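First comes the structure, then the notes that go with it.
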């Protein structure tokens, strides 16, 4: 049974602070893989950002496995998300990058192993909504892949519109089938299938904000909708943020655990951005399987 602590920086097996943000946690082949962006001692808006991966047998002992991309692209990179492709067992990485800020694109890369290196197969995937930003990727029980993402431009209803899109069979492109917008002025999404429904979770725009953001929960019977708002699981009765973090993933783990993950921007004690903490907390579910509000647990076990 793993015990997760949230009050200090996680370290790898060499004692180094884990610099791995705005990505995801996955369980592949009996091991855990933590994917994210390494920021080092920067402000986060530079081409020095790198995609990295750590591996662990138990969520405690983290082994650094190096850079994800065999050949990084020349721009500013964020948010690496990896899924396993059902048709052939290969691993597909979707990432958000900007040749120039803020000319957003999605790149896709493929690897034979979850650690990489991943080879880029498309630097600018065509999707339905323009100027893409934050995103996440999920594969359903039927093997269909889905992309949830923010489109940054304002179309009169607000900017940063969130929608869901069906992926091709190889998970490397979009079919163009889109849900339409769930909400606006939101970012940092996750998408997962649970208890016979699909769930989307995202919060108000909060780029690197230390105060944290809400986490609005939506539910649908199908990823293309219709979607219905359920609750904000990261706000209390007075509207205050519960966990001072910005969501980055909800990771489905063995035993039916749904692990909420958030970056606590500005929480580093030494001034190094790459040392900002992450908050990990298993979602508590009600008797209908609906996620409850977060509890801001200093430690969590399951």
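Numbering (UniProt numbering), first residue to last: 1 to 302. Note that beta-carbon positions come from the ideal geometry of N, C-alpha and C, so glycine has one too. The model shown is predicted, which means the values in this text are computed figures rather than measured ones.
With 16 other Cβ atoms within 10 Å as the buried cut-off, status of residue 62: buried
Given a cut-off of 8 Å, decide if residue 189 and residue 162 are closer than it, judged by their beta-carbon atoms. Going by C-beta atoms, residue 162 is nearer than 8 Å to residue 189.
Counting along the chain, where does the beta strand (DSSP E) carrying residue 107 start and finish? 105-111
Is DSSP giving residue 245 helix, strand or coil here? In the structure shown, residue 245 falls within a coil segment according to DSSP collapsed to helix, strand and coil.
From 48, 172, 206 and 278, pick the residue whose C-alpha is nearest to that of residue 81; which is it? 172
How far does the beta strand (DSSP E) with residue 136 in it extend, from its first residue to its last? For residue 136, the uninterrupted beta strand (DSSP E) segment begins and ends at 132-139.
Around the C-beta of residue 101, are 16 or more other C-beta atoms found within 10 angstroms, so that it is buried, or is it exposed? exposed
Are the segment 45-62 and the segment 16-23 in contact at 8 Å, needing three or more beta carbon pairs? yes
Please report the Cβ distance between residue 294 and residue 258, rounded to the nearest whole angstrom; I am assuming they are in contact, meaning their Cβ atoms lie under 8 Å. About 12 Å; that fails the 8 Å criterion.
Provide the residue span of the beta strand (DSSP E) that contains residue 45, from first to last. No beta strand (DSSP E) contains residue 45, which DSSP labels as neither H nor E.
Are the Cβ atoms of residue 76 and residue 98 separated by less than 8 Å? Yes. Within cutoff.
Can you round the beta-carbon distance between residue 278 and residue 264 to whole angstroms, since I take them to be within the 8 Å contact cut? 7 Å
Residues of its chain near residue 224, where Cβ-Cβ distance is below 6 Å and the 5 sequence neighbours each way are ignored: 179
Closest Cα partner of residue 200 within the set 300, 164, 43 and 206: Residue 200 has its Cα closest to that of 164, out of 300, 164, 43 and 206.
Measure the Cβ-Cβ separation of residue 79 and residue 112 and say whether it is below 8 Å. No, the pair does not count as a contact, with Cβ atoms beyond the cut-off.
Nonlocal neighbours in the same chain, by C-beta distance under 7 Å from residue 47, ignoring five residues either side: Closer than 7 Å at the Cβ level, and outside the excluded window around residue 47, lie 74, 75 and 76.
Just curious, the beta strand (DSSP E) that residue 262 is in, first and last residue? Going by DSSP, residue 262 is part of the beta strand (DSSP E) stretching over 257-264.
Do residue 157 and residue 203 come within 8 Å of each other at the CB atom, strictly closer than that value? Taking a C-beta distance under 8 Å as the contact criterion, residue 203 and residue 157 do not qualify as a contact pair.
Distance between residue 133 and residue 104 (C-alpha atoms, nearest Å): 6 Å
In chain order, what residues of the same chain have a beta carbon less than 6 Å from the beta carbon of residue 56, not counting five sequence neighbours either side? 32 and 62
In whole angstroms, what is the alpha-carbon distance linking residue 299 and residue 12? Residue 299 and residue 12: Cα-Cα distance of roughly 18 Å.
Write down the C-beta distance between residue 83 and residue 169 rounded to the nearest angstrom, noting that I regard them as a contact closer than 8 Å. At roughly 13 Å, the Cβ-Cβ gap does not stay under 8 Å, so residue 83 and residue 169 are not in contact.
Measuring alpha carbon to alpha carbon, tell me which residue in 254, 249, 166 and 151 is nearest residue 191. 249
May I ask you to report which of helix, strand or coil DSSP gives residue 279? strand
Who pairs with residue 234 in a beta bridge, going by DSSP? DSSP, once it has assigned bridges, lists no residue as partnering residue 234.
Three-state secondary structure (DSSP) of residue 254: helix
What's the C-alpha gap between residue 159 and residue 14? 43 Å
Residue 122 beta carbon less than 8 Å from that of residue 273: no
Supposed contact pair residue 68 and residue 35 - C-beta distance, whole angstroms, cut 8 Å: Yes, they are in contact, since the Cβ atoms of residue 35 and residue 68 sit about 7 Å apart, within 8 Å.
Straight-line gap, residue 208 to residue 118 (C-alpha atoms, nearest Å): 27 Å
Could you check what DSSP says for residue 36 in three-state terms: helix, strand or coil? DSSP, reduced to helix, strand and coil, places residue 36 within a strand of the structure shown.
Best match in 128, 154 and 153 for proximity to residue 147 [C-alpha to C-alpha]: 128
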